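Presented below is the structure to which this report refers.
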Amino acid sequence: MLTPVADEDGAPFWEYAARGELRVQACAGCGELRFPPRPCCPHCQSFDSAWRPMSGRGRIWSFVVPHPPLLPDYAAQAPYNAVLVELADAPRIRLAGNVVSSPGAPLNSVDPARLRIGAAVRVAFAEIDGVTVPRWLLERG
Ligand SMILES: [Zn+2]
């Protein structure tokens, strides 16, 4: 499976994830949240930043169900979902990921027919091939 590659700006995101925290980079000057992480605030050009904890709640903004041809490890798990989650605390920030039935469950653990745009989800974390990644669980109801 492909795992994220952390660069200098994004490293804190993965370090917090490894501790079970979803944090987003914020400008220390004007407070604007931004993602993906980068050195400079696009609003006020400040180079000072902080990492703000998020509630981990969000909604499915969009999703796809990838079909073959896929890389072999992914083909074995198809059909599965890939989602964009809009964060409740930062509606302009959308994280890519997968909805799964439990944090460590396989990619295909949720029937794609159960997914709806707008469905409420919450973050969970799983270590995959040595990297802790955020994944998403459907909220009940
Ligand atoms: Zn700023």
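The numbers in the UniProt record's numbering rise by one with no breaks, and the one at position 103 of the sequence shown is 103.
Heads up, the beta-carbon is just placed ideally off N, CA and C, and yes, glycines get one too.
Note that this is a predicted model, so its numbers are computed, not measured.
Check your understanding: Of all the options A119, T132 and G104, which has the alpha carbon lying nearest to the alpha carbon of S62?
Key -> A119
Practice item. Just mark R135 as buried or exposed, buried being the case when its beta carbon has 16 or more other beta carbons within 10 Å. Key: buried
Review point. For H43, is the beta carbon positioned less than 7 Å from some heavy atom of ligand 1?
Key: yes
Point to revise | Terminal residues of the alpha helix (DSSP H) in which F125 lies | key: F125 -> not in any alpha helix (DSSP H); beta strand (DSSP E) instead, spanning A120 to I128.
**Study point:** Local conformation of A26 per DSSP, three classes
**Key:** strand
**Study point:** Boundaries (first-last residue) of the beta strand (DSSP E) holding A75
**Key:** A75 -> not in any beta strand (DSSP E); alpha helix (DSSP H) instead, spanning P72 to A75.
Exercise for review: Using beta-carbon positions only, say whether G10 and P37 come within less than 8 Å of one another.
Suggested key: yes
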